[in-house]
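Under my numbering, the sequence shown has 174 at position 192, and the numbering climbs by one with no breaks. Glycine included, each C-beta is placed from N, C-alpha and C at the ideal position. Please read these numbers as outputs of a predicted model, since none were measured by experiment. Report on the following structure.
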Amino acid sequence: MNARNHRETRGDRSGRKTSVATLVLALGLVAMLLAGCSKDSDGGAAPATTAASSSAPLSGKITVSAAASLTEVFTGIRDRFVTMHPDVKIDLNFGSSGALAAQIEGGAPADVVAFANTDSMDRLSSAHLLDGSPTVFARNRLVIVTKPGNPHKVKGLADLADLDFVALCVDTAPCGQYAEQALGDAHIELSTDRIHRGDDVRATLAAVSQGDADAGIVYATDAVVAGDQVDTVEIPEADNVIADYPIAVVKGTSHRDVARDFVKFVQSDAGDIVLQKAGFVLP
């Protein structure tokens, strides 16, 4: 081997040693960086876990003002919600949507509102009394109810004109407005002295079940609640009116977290099951 070749061989070996040393140093730096990242990740995860485990449970009392036709379903939903959140109390206030809206406009306490029409909710929204936008969570339809056995053989809206007394909700209540719309669209006019007005849909239903009226127009879900106290006559889809049910949180509630979670629960799978079982249609 000549001197030139010998020098090249030593140079190659020296280069390889330098490369190995550089590689070892680089691997060491990578290991240190990975250890640091792992430490940072562990340090970041711990507070998140601690925060989740230490988050306070829902607590407080709220008032829910809801349409009378929601009595059974909201009672059931409320009971399920407070079972999940034992430190929460919910008072339910049922009535005509129009009357409830007027109460809230007048300063009556309410944290959540759920109505049987969008007009009543729009009133509160226009008055800047809502916290966020309302959401339609259910729909309903109209039916005719008669005394058990349907003694007057009512088959449809046209037959109501031949009865002595027909129960309708007051025209300030959504159920009254929907009934008037259905009758008007069908070109059926009832004599005012033969109309028995109920303050809300439950009062209208009671007028029929208790014998004060021969028939009445109520929501399908209320006929389900009445059971065998009344007979139900379906109104064809072409002649029917669909009721939208919006829900919202009222501005200024002292327990916003509870109110918002209740609204979410109404629209959850658990709430949907209760609503559908009662005869409501999901939007």
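Buried or exposed by the 16-neighbour rule on C-beta atoms within 10 Å, applied to residue i
| i | result |
| --- | --- |
| residue 167 | exposed |
| residue 217 | buried |
| residue 265 | exposed |
| residue 163 | exposed |
| residue 115 | exposed |
| residue 203 | buried |
| residue 235 | buried |
| residue 65 | exposed |
| residue 193 | exposed |
| residue 158 | buried |
| residue 93 | buried |
| residue 129 | buried |
| residue 78 | buried |
Which listed residue (the options) has its alpha carbon closest to that of residue i
| i | options | result |
| --- | --- | --- |
| residue 171 | 96, 150, 56, 190 | 150 |
| residue 260 | 211, 246, 201 | 201 |
| residue 52 | 243, 225, 212 | 225 |
| residue 91 | 247, 263, 248, 237 | 237 |
| residue 76 | 89, 101, 45, 68 | 45 |
| residue 174 | 49, 152, 263 | 152 |
Straight-line gap, residue i to residue j (C-alpha atoms, nearest Å)
| i | j | result |
| --- | --- | --- |
| residue 105 | residue 87 | 9 angstroms |
| residue 197 | residue 185 | 13 angstroms |
| residue 179 | residue 250 | 35 angstroms |
| residue 112 | residue 131 | 45 angstroms |
| residue 154 | residue 80 | 6 angstroms |
| residue 189 | residue 231 | 33 angstroms |
| residue 229 | residue 82 | 13 angstroms |
| residue 136 | residue 182 | 23 angstroms |
| residue 254 | residue 208 | 21 angstroms |
| residue 191 | residue 205 | 10 angstroms |
| residue 219 | residue 122 | 12 angstroms |
| residue 47 | residue 146 | 35 angstroms |
| residue 56 | residue 210 | 22 angstroms |
| residue 69 | residue 59 | 16 angstroms |
| residue 252 | residue 243 | 13 angstroms |
| residue 117 | residue 42 | 24 angstroms |
| residue 40 | residue 62 | 14 angstroms |
Reduced DSSP category for residue i - H, G, I as helix; E, B as strand; rest coil
| i | result |
| --- | --- |
| residue 88 | coil |
| residue 123 | coil |
| residue 180 | strand |
| residue 78 | coil |
| residue 170 | coil |
| residue 205 | helix |
| residue 143 | helix |
| residue 59 | helix |
| residue 255 | helix |
| residue 246 | helix |
| residue 223 | coil |
| residue 236 | coil |
| residue 154 | coil |
Contact the segment 97 to 111 vs the segment 133 to 146: 3+ CB pairs below 8 angstroms: No, they do not touch.
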